[in-house]
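So the protein lines, in turn, are chains A and B.
Everything in the first sequence is counted per our numbering, starting at 1 for the first residue and increasing by one.
Everything in the second sequence is counted per our numbering, starting at 1 for the first residue and increasing by one.
In what follows, a single structure is set out as structure tokens and then discussed.
Number of protein chains: 2
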Amino acid sequence: MTNRAPGEGEASRFGISVAKARACAGASATARPARMNLSIDDFARGVLAADRAVLGRAISLIESTLPADEAIAQQVLERLLPSTGHSLRIGLTGTPGAGKSTFIDSLGTMLTERGHRIAVLAIDPTSRVSGGSILGDRTRMSRLSNNPHAFVRPSPSGGTLGGIARKTREAMLVCEAAGFDIVLIETVGVGQSETAIADMSDVVVALSIPGAGDELQGIKRGLLELVDVLVVNKAEGDNAAKARTAAAEYTAALRVMRGEGDRSRVAVLTCSALTGDGVWQVFEEVRSRYASLRASGSLEPRRRNQDRHWLRSLLHERLDRLLLDLPGARSAFTDAEAAVLEGRTPPVVAVERVINALRTDLRGESRGY
Amino acid sequence: MTNRAPGEGEASRFGISVAKARACAGASATARPARMNLSIDDFARGVLAADRAVLGRAISLIESTLPADEAIAQQVLERLLPSTGHSLRIGLTGTPGAGKSTFIDSLGTMLTERGHRIAVLAIDPTSRVSGGSILGDRTRMSRLSNNPHAFVRPSPSGGTLGGIARKTREAMLVCEAAGFDIVLIETVGVGQSETAIADMSDVVVALSIPGAGDELQGIKRGLLELVDVLVVNKAEGDNAAKARTAAAEYTAALRVMRGEGDRSRVAVLTCSALTGDGVWQVFEEVRSRYASLRASGSLEPRRRNQDRHWLRSLLHERLDRLLLDLPGARSAFTDAEAAVLEGRTPPVVAVERVINALRTDLRGESRGY
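What follows is the structure, encoded as structure tokens:
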């Protein structure tokens, strides 16, 4: 397997490089002793060669919280960066029961049959190290899980939503370096997880189902801000008419809430992930939006903005951690928060006290305290 | 005028303390030489005595960007803090042309006729020091501007949205200390200004108008997340039927987008700010939601969360400024951002370089560099 430089390969019908994908389609897992340590070189070369075993270990390395692993992970990422960015990044959200697993299994299979390589990742803020994740049941993607042109990975577990999202984002980059030309990141509609998905996707798809009886399942207000394609699933058999009605009501509601005008119009579709009916049309809509982003020159600026926002979030997180690691600053912050919340101190004054404590701590460091 | 302690005074029909307001209703501007400098004591006492001239100067002090003024402003705020919090904080947004000025003039007059004291502030991110603010035309609130029980102040000008929002928020606290029991903060629906309003209000009202012909004026997606009461204005004469139709369509759309269930239901009303028809009903809805927040014990936690969020934003802003003030850190950040956006360096690595530069700069400070 050669390391093909970014941008080579014929353009596909979808504007996605299929050539690199096809070239790597035959890569098999290289037999290795399970406990052999890999060097940074080994990781980088193995991922770029689309070696599935190395790919899995690289993502495990990224998920590891051991400081030594974190350092190696960042160096591996640095090596892989030039080979990233060449995928269509799809975010997928929906409440439990909307049929995400079945949908991904159906669409993913169709995509691989057309020569694509799809990686499926997840952000699940409810996941716990000892099992019990809403999205953990990858067995429900039975076909895709056994498909050599697909790579399915459960959510990283534990920690904050921010930490999980970062690891999934880094895993996405590794998958791109391994030649996957479509990366799908799924989440449940919990808390800010949908914002996290939107921050790393090119197109956001929300899966919905008609409610029982005459009730419509509502769309969380925050999601409306983020979604590009709204899909009403389970449009099969007796449910088909109900699904079409739900789609019509969503369309009318969206027109009212957004006003007329094509820009940032939300597409509303129906499908049956069970039968496959309408599933490909969902991808056509996603692909069409991605193609528009590229044609209008908007894709790169959009991704750069996402990266800029990611950098600043990481910086603020790191500064917060710095504050908490330094005893004087940490104690000043706790006092400051209490003073503000109890209405004793104006926030601007409180912040200045924290900054002064931070400066004092750091100056003390130079004198070996 | 005595400084009445928080919480005293009979509870009004609206759960808002009217007693303090009535007690101060007669306060008149104390004649002073225009250029006399006020001490912190003078500022604090004057505001608490509801002296309008001192109130205006206190807010000008808050808006000043001179470091000496900033220091005094914070000390004045610290003195006034115990007397704040005793108002109903209403956020009002709407596109230009929706009739906000007429609405505020109408509602504000009705409120003062019922014994309330209302302060009207503004967040206008388009305001410039040398005139030209969308919200600057306070002459359109002709009745309220001459009403002794009302205080109308234009938006602070210049700077970032965050800076403007902070000054308006601090001005709100000063108005509360001066005994105003209703504070209305208005903004145009530009950028993140609606989020800024929601972050400091108890109830958010959005003013809308039916579009020309059959088009409905859409609601910005982000606003839907924040609004409590949606009001379709200009329901007078020939427009009345159109306004009612628009209100019905918004109601149906909101039900679809949110699903059934009373919680965080958006109220949709019509009114004519010109004739006054329906305006009081808007306030009744606002008051009712405020009363529910208080009765359920949610108001204080909501405000504490707003303050907590404000504190953290200020802290991050201050840390950003610290980074930019220190030459090594500033240059490391510029390099880091470029490296990330050009895909050369993973963000986590880039952030670490910035942190190291910050530490180096601060340690250098202790050695007198």
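For glycine and all other residues, C-beta sits at the position ideal for the given N, C-alpha and C.
is_contact[residue i, chain D] using C-beta, thresh 8 Å
i      : result
M200/B : Note that chain D does not occur in the displayed structure, where the protein chains are A and B.
Cβ-based neighbour list, residue i, same chain, cut-off 6 Å, excluding 5 preceding and 5 following
i      : result
A350/A : A336, A339, V340
L38/B  : none
F151/B : A119
L173/B : T84
P147/A : A small correction: the amino acid at residue 147/A is Asn; Pro does not occupy that position in the sequence shown. Same-chain partners within the cutoff: T112.
F333/B : L323, V354
T275/B : E236
Residues of its chain near residue i, where Cβ-Cβ distance is below 8 Å and the 5 sequence neighbours each way are ignored
i      : result
R35/B  : Low per-residue confidence applies at R35/B: pLDDT is 43, beneath 50, and the placement is therefore not dependable enough to give any value.
E285/A : V229, A267, L269
C271/B : F103, V231, V232, N233, A235, D277, G278, V279, Q281, V282
Q306/B : D199, M200
R140/A : S101, T102, D105
Coil, strand or helix - residue i by DSSP
i      : result
C24/B  : The predicted position of C24/B is uncertain, since its pLDDT is 43 and thus under 50; no value can be drawn from it.
A235/A : coil
A274/A : The amino acid at residue 274/A is misidentified as Ala; the sequence shows Leu. Reduced to three states, the DSSP call for L274/A is coil.
V174/A : helix
F103/A : helix
G94/B  : strand
T187/B : strand
S155/B : coil
S208/A : strand
V229/A : strand
R265/B : coil
L38/A  : coil
A165/A : helix
R344/B : coil
A119/B : strand
R89/A  : strand
A150/B : strand
A31/A  : Confidence at A31/A is low in this model, with a pLDDT of 43, below 50, so the placement of that residue should be treated as unreliable; the coordinate-derived value is given next. It is coil, neither helix nor strand.
M1/A   : Since pLDDT at M1/A reaches only 35, below the 50 mark, its modelled position is unreliable, and no value is offered.
D214/A : Because the pLDDT of D214/A is 42, which lies under 50, any placement of that residue in the model is unreliable, and the number read from its coordinates should be weighed accordingly. D214/A: coil per DSSP, three-state reduction.
Neighbourhood of residue i by C-beta, 7 Å cutoff - its chain only, sequence neighbours within 5 removed
i      : result
A177/B : V47, L48, L80, S83, T84
V227/A : V204, A206, V266
K242/B : P210
R289/B : V203, D228
A98/B  : L207, S208, I209, N233
I123/A : S155, I164, A165, T168, I185, T187, S193, A196, I197
L358/B : L323, L326, A329
Among the options, the one whose alpha carbon lies nearest that of residue i
i      : options                        : result
V395/A : G94/A, N146/A, S39/A           : The shown model of chain A, from 1 to 369, leaves out residue 395/A, and the question about it has no answer.
G328/B : R45/B, V354/B, E225/B          : V354/B
V205/A : K242/A, D42/A, S331/A, Q281/A  : Q281/A
V348/A : V348/B, R169/B, P347/B         : R169/B
A58/B  : A68/B, A44/B, P67/B, T65/B     : A44/B
L223/A : A235/A, G237/A, S208/A, K234/A : S208/A
A119/A : T126/A, P125/A, L107/A         : L107/A
A171/A : L92/B, S157/B, P346/B          : P346/B
L299/B : D181/B, R89/B, D42/B, L77/B    : R89/B
T360/B : G343/B, E342/B, S331/B, R344/B : S331/B
I40/B  : N146/B, S64/B, L77/B           : L77/B
G91/A  : G56/A, L121/A, T109/A, R255/A  : L121/A
C175/B : H309/B, A53/B, L311/B, N239/B  : A53/B
S157/B : E63/B, V256/B, H149/B          : E63/B
Exercise for review: Check whether the region 155–166 of chain B touches the region 183–201 of chain B, taking contact to mean three or more Cβ pairs, one atom from each stretch, closer than 8 Å.
Suggested key: yes
Review point. Looking at chain B, which residues of the region 301–325 of chain A have a Cβ within less than 7 Å of any of its Cβ atoms?
Key: Going along the region 301–325 of chain A in chain order, one finds R304, D307, R308, W310, L311, L314, L315, H316, R318, L319, L322 with a Cβ nearer than 7 Å to chain B.
Review point. How about the region 310–325 of chain A and the region 111–122 of chain A: do they share at least three Cβ pairs that are nearer than 8 Å?
Key: no
Practice item. Taking only beta carbons into account, state which residues of the region 343–359 of chain A come closer than 9 Å to chain B, listed in chain order. Key: The residues in question are G343, R344, T345, P346, P347, V348, V349, A350, V351, E352, V354, I355, L358, R359.
Practice item. Flag this pair as touching only if the region 64–78 of chain A and the region 179–188 of chain A have three or more C-beta atom pairs under 8 Å; answer yes or no. Key: no
Check your understanding: According to a CB-to-CB cut-off of less than 8 Å, which residues of the region 223–253 of chain A neighbour chain B?
Key -> L224, E225, E249, Y250, A252, A253
Review point. Residues in the region 326–340 of chain A with C-beta within 9 Å of chain B's C-beta atoms, listed in sequence order?
Key: So the list reads F333, A336, E337, V340, given in the order they occur along the chain.
Practice item. Would you be able to state if there are at least three C-beta pairs under 8 Å between the region 286–299 of chain A and the region 237–257 of chain A? Key: no
Exercise for review: Please name the residues in the region 85–104 of chain A whose beta-carbon is closer than 8 Å to at least one beta-carbon of chain B, in chain order.
Suggested key: G85
Practice item. Could you run through the region 167–194 of chain B and flag, in chain order, every residue whose CB is less than 7 Å away from some CB of chain A? Key: none
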